[in-house]
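Engineer: Pasting in a structure now, in structure tokens, and then I'll have a few things to ask.
There are 2 protein chains.
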Amino acid sequence: MGRTSDAKIRLIEAMIELIWTGSYGSTSVDQICERAGVKKGSFYHFFESKTDLALTGIEHSWLEHRRELDQTFSPVVPPLERILNCFRNFRKEQEELLAKHGRVLGCPIHSLGAEISTVDDRLRNKLQEILSQFILYYECAVRDADAQGIIEAPDASALARIVFAYSEGLLLHARMWNDLSYLDEFESGAMIILGVTKRSPTGVKKK
Amino acid sequence: MGRTSDAKIRLIEAMIELIWTGSYGSTSVDQICERAGVKKGSFYHFFESKTDLALTGIEHSWLEHRRELDQTFSPVVPPLERILNCFRNFRKEQEELLAKHGRVLGCPIHSLGAEISTVDDRLRNKLQEILSQFILYYECAVRDADAQGIIEAPDASALARIVFAYSEGLLLHARMWNDLSYLDEFESGAMIILGVTKRSPTGVKKK
DNA sequence: TTCCGAATTAACCAACTGGTCAACTTCCCT
DNA sequence: AGGGAAGTTGACCAGTTGGTTAATTCGGAA
């Protein structure tokens, strides 16, 4: 019934890209429509507001990203490898973004969160929800590493949050300096935080 | 020659507050003027653009903040205490902001940096400059701690950047969740990163 | 084949954006 | 005391903002 259209997904993709390469505030509805090749009337046919599109778009990308994370953090992979591979994937993604946009873009969730968390409640809640889910991956890996005696982590959740906060800080740094090389520090940094010395290779008991 | 005025500083303070409690994009020149009790004509008498005011404002607050940091990071204070005290001051400041604005506001430099680093070059450069200077405090403290045998840090600069990235990640988390308690994790987190166990009190040789 | 609901379009809106300007007031310094 | 530089004011600007509307065009299913 009625005709079909891919305008909705085009709008979502355009918004994600514009927010990521710029900011929420610097992204206007007109810009989104132009990039998506959609008239403004159509925009408001599919979404009831700019916030609504952002919400849908973020949810959409997160669902996509989660599928990748589920593979990266598969229990089959050695726990610390999961975390390192996850960040290696980040790095690869940022490389592609640099090639495409000439800019290291960092983590869109955090950049957006920093910008709008005092401004838009609905957006903030959604971002919180996503980040909370994200940390679970780290937490699970840390707990497994502890259980396997690879590291000593009496409080896996706390340690995961440290690694997480650190990684977000790094990503932001890379965005601000437009420099991928900061991301290379993650591997050694994470090992320090997790209490694994360079001398004892991943997966081998320390001490 | 001519009359004097405090409109300039009022504009600076209004803008800092508005950016901090909101965002750069959500802060308009009209808003700034209204809060400062200054007409727009006067605004453009003192500043040539919104960016220009932001630049001046950031520089201004940083210069103020530096004086505090110079005390906190005095070589007289035991190195690790400097870092902890610095973060304790952050926490205290955030407490005041929470009481005043009902919100944990985090680090304005990083929030702003996340928002505008792909949008405004001049602003980004200024923020880079400030953050680079900030890291020097941590770096110096870490190097001293290493020299005094309190910690083992062959690469003080790298370790300082880890602590720094971690602290920024935490601050952002606290802003997004509007929750001070995340900041309490810093103390134990920093100790883990710096390789100081809880059992060996600060300032006492480890191992 | 027809028909109904979904998609598209362009024209429109008021409020607001950052920024300008010329006239005017104040008051410091000589 | 009064000249002149610094500060103030409100009216003004063109462009943009997020959002609305009614008329129109399409296309999938009966």
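The listed protein sequences correspond, in order, to chains B and V. Residues in the first sequence are numbered consecutively from 1, following our numbering. Residues in the second sequence are numbered consecutively from 1001, following our numbering. In this text, a Cβ means the ideal position worked out from N, Cα and C, and glycines have one as well.
Give the DSSP-derived three-state secondary structure of THR1202 (chain V) in the structure shown.
Structural biologist: Taking the second sequence and counting its residues from 1, the one referred to as residue 1202 (chain V) is at position 202. Residue confidence is low: THR1202 (chain V) scores 46 on pLDDT, short of 50, so the model does not pin down where it sits. No coordinate-derived value is stated.
Engineer: Please report the Cβ distance between ALA141 (chain B) and ILE83 (chain B), rounded to the nearest whole angstrom; I am assuming they are in contact, meaning their Cβ atoms lie under 8 Å.
Structural biologist: Here residue 141 (chain B) refers to the residue found at position 141 when the first sequence is read from its first residue. Here residue 83 (chain B) refers to the residue found at position 83 when the first sequence is read from its first residue. About 5 Å separates the two Cβ atoms, so the contact holds.
Engineer: Please report how far the alpha carbon of ASP1146 (chain V) lies from the alpha carbon of ARG161 (chain B), in whole angstroms.
Structural biologist: Counting from 1 along the second sequence, the entry for residue 1146 (chain V) is found at position 146. Counting from 1 along the first sequence, the entry for residue 161 (chain B) is found at position 161. In a straight line, the C-alpha of ASP1146 (chain V) is about 26 Å away from that of ARG161 (chain B).
Engineer: Can you say whether ILE9 (chain B) is buried or exposed, counting buried as having 16 or more other CB atoms within 10 angstroms of its CB?
Structural biologist: Position 9 of the first sequence, counted from the first residue, corresponds to residue 9 (chain B). Exposed.
Engineer: Please classify LYS1008 (chain V): does DSSP put it in a helix, a strand, or coil?
Structural biologist: In the second sequence, counting from the first residue as 1, residue 1008 (chain V) sits at position 8. Note: LYS1008 (chain V) maps to helix in three-state DSSP.
Engineer: To the nearest angstrom, report how far apart GLY1041 (chain V) and ASP1052 (chain V) are at their CA atoms.
Structural biologist: By one-based count along the second sequence, residue 1041 (chain V) stands at place 41. By one-based count along the second sequence, residue 1052 (chain V) stands at place 52. Cα to Cα, the separation comes out at about 15 Å.
Engineer: So which residues on chain V does HIS45 (chain B) lean against when the C-beta distance must stay under 9 Å?
Structural biologist: Taking the first sequence and counting its residues from 1, one reaches residue 45 (chain B) at position 45. The contacting residues do not exist; HIS45 (chain B) stays about 26 Å from chain V at best.
Engineer: Please report how far the alpha carbon of THR1202 (chain V) lies from the alpha carbon of LEU1080 (chain V), in whole angstroms.
Structural biologist: Along the second sequence, read from residue 1 onward, the residue named residue 1202 (chain V) stands at position 202. Along the second sequence, read from residue 1 onward, the residue named residue 1080 (chain V) stands at position 80. Note that THR1202 (chain V) scores 46 on pLDDT, short of 50, meaning its location in the model is unreliable; the coordinates nonetheless yield the value given after this. Their Cα atoms are separated by approximately 7 Å.
Engineer: Assuming THR4 (chain B) and ARG103 (chain B) make a contact with CB atoms under 8 Å, what is their CB distance in whole Å?
Structural biologist: By 1-based counting over the first sequence, the position of residue 4 (chain B) is 4. By 1-based counting over the first sequence, the position of residue 103 (chain B) is 103. Contact doesn't hold; Cβ gap of about 35 Å is too wide.
Engineer: Just curious, the alpha helix (DSSP H) that PRO108 (chain B) is in, first and last residue?
Structural biologist: Position 108 of the first sequence holds residue 108 (chain B). Taken as a continuous stretch (DSSP letters only), the alpha helix (DSSP H) holding PRO108 (chain B) covers 108-116.
Engineer: Quick one: is ILE9 (chain B) near chain V, going by C-beta distance under 7 Å?
Structural biologist: For this step, residue 9 (chain B) is matched to residue 9 along the first sequence. Closer than 7 Å: no.
Engineer: Does SER1200 (chain V) pass the burial test, meaning 16 or more other C-beta atoms within 10 Å, or should it be called exposed?
Structural biologist: As a working note, residue 1200 (chain V) is residue 200 in the second sequence. Residue confidence for SER1200 (chain V) is low, a pLDDT of 42 falling below 50, so the modelled location carries little weight and cannot support an answer.
Engineer: Per DSSP, what kind of secondary structure is PRO75 (chain B) in: helix, strand or coil?
Structural biologist: Sequence index remark: in the first sequence, residue 75 (chain B) carries index 75 (1-based). Coil, per DSSP.
Engineer: Looking at chain V, is there any beta carbon in it that lies within less than 7 Å of the beta carbon of LYS206 (chain B)?
Structural biologist: Here residue 206 (chain B) is taken as the residue at index 206 of the first sequence, counted from 1. At LYS206 (chain B), the pLDDT of 38 sits below 50, so the modelled position is not reliable; the number obtained from the coordinates is stated separately. No - not a single Cβ of chain V is within 7 Å of the one on LYS206 (chain B).
Engineer: Just to confirm, does ILE135 (chain B) get its C-beta within under 6 Å of one of the non-hydrogen atoms of the ligand GTP?
Structural biologist: The model depicted lacks the ligand GTP and carries no ligand whatsoever.
Engineer: Classify TYR1024 (chain V) as helix, strand or coil using the three-state DSSP reduction.
Structural biologist: Position 24 of the second sequence, counted from the start, is the residue given in the question as residue 1024 (chain V). Three-state result, TYR1024 (chain V): coil.
Engineer: Can you pull the chain V neighbours of THR21 (chain B), defined as C-beta to C-beta under 7 Å?
Structural biologist: The residue you call residue 21 (chain B) lines up with position 21 of the first sequence. The answer, in chain order, is THR1118.
Engineer: For VAL38 (chain B) and MET15 (chain B), I'd like the C-alpha separation in whole angstroms.
Structural biologist: Position 38 of the first sequence, counted from the first residue, corresponds to residue 38 (chain B). Position 15 of the first sequence, counted from the first residue, corresponds to residue 15 (chain B). Their backbone Cα atoms lie some 12 Å apart in a straight line.
Engineer: When the cut-off is 7 Å and only beta carbons count, does ARG1088 (chain V) lie next to chain B?
Structural biologist: Residue mapping note: residue 1088 (chain V) aligns to position 88 of the second sequence, counting from 1. It does not; no Cβ of chain B falls within 7 Å.
Engineer: To the nearest angstrom, how far is the alpha carbon of GLU96 (chain B) from that of SER23 (chain B)?
Structural biologist: On the first sequence, residue 96 (chain B) is found 96 positions in, with the first residue counted as 1. On the first sequence, residue 23 (chain B) is found 23 positions in, with the first residue counted as 1. Whole-angstrom Cα-Cα distance: 19 Å.
Engineer: Check GLN31 (chain B) in the structure and name its three-state DSSP category.
Structural biologist: Here residue 31 (chain B) refers to the residue found at position 31 of the first sequence. Helix.
Engineer: Mark LEU63 (chain B) as exposed unless 16 or more other C-beta atoms lie within 10 angstroms of its C-beta, in which case mark it buried.
Structural biologist: Sequence index remark: in the first sequence, residue 63 (chain B) carries index 63 (1-based). Under this definition LEU63 (chain B) is an exposed residue.
Engineer: Which residues in the same chain have their Cβ closer than 6 Å to the Cβ of LEU69 (chain B), if we skip the five residues on either side of it in sequence?
Structural biologist: In the first sequence, counting from the first residue as 1, residue 69 (chain B) sits at position 69. For LEU69 (chain B), where only same-chain residues beyond five positions count, the Cβ hits under 6 Å are TYR137.
Engineer: Compare the C-beta of MET176 (chain B) against all C-beta atoms of chain V and say whether one is closer than 7 Å.
Structural biologist: Residue numbering aside, residue 176 (chain B) sits at position 176 when the first sequence is read from its first letter. Yes, MET176 (chain B) counts as interfacial toward chain V.
Engineer: If the cut is a Cβ gap below 7 Å, which residues of chain B does ILE1192 (chain V) touch?
Structural biologist: In the second sequence, counting from the first residue as 1, residue 1192 (chain V) sits at position 192. Those within 7 Å of ILE1192 (chain V) in chain B are ILE162, ILE193.
Engineer: Taking C-alpha atoms, which residue in B:HIS60, B:THR27, B:VAL119 lies nearest to HIS1101 (chain V)?
Structural biologist: One-based indexing of the second sequence puts residue 1101 (chain V) at position 101. Here the closest residue by C-alpha is B:VAL119.
Engineer: Consider the Cβ of SER61 (chain B): report whether some Cβ of chain V lies at a distance smaller than 7 Å.
Structural biologist: Position 61 of the first sequence, counted from the first residue, corresponds to residue 61 (chain B). Chain V, which has no Cβ nearer than 7 Å to the Cβ of SER61 (chain B), makes this no.
Engineer: Would you say ILE1130 (chain V) and GLY1057 (chain V) are within 7 Å of each other, going by their C-beta atoms?
Structural biologist: Within the second sequence, the letter at position 130 stands for residue 1130 (chain V). Within the second sequence, the letter at position 57 stands for residue 1057 (chain V). GLY1057 (chain V) is positioned such that its CB atom lies no closer than 7 Å to that of ILE1130 (chain V).
Engineer: Which whole runs of the alpha helix (DSSP H) in the region 42-77 of chain B are 4 residues long or more, in chain order?
Structural biologist: 50-72
Engineer: Just the C-alpha distance for LEU123 (chain B) and MET1001 (chain V), rounded to the nearest angstrom, thanks.
Structural biologist: Along the first sequence, one-based indexing puts residue 123 (chain B) at 123. Along the second sequence, one-based indexing puts residue 1001 (chain V) at 1. So the two alpha carbons sit approximately 52 Å from each other.
Engineer: State the start and end residues of the unbroken alpha helix (DSSP H) segment that holds GLY1189 (chain V).
Structural biologist: Working through the second sequence from its first residue, we reach residue 1189 (chain V) at position 189. Here the alpha helix (DSSP H) through GLY1189 (chain V) covers 1185-1194.
Engineer: Assuming contact is defined by CB atoms lying nearer than 7 Å, are GLU1152 (chain V) and HIS1110 (chain V) in contact in what I supplied?
Structural biologist: Numbered from its first residue, the second sequence carries residue 1152 (chain V) at position 152. Numbered from its first residue, the second sequence carries residue 1110 (chain V) at position 110. No, these two residues do not count as a Cβ contact at 7 Å.
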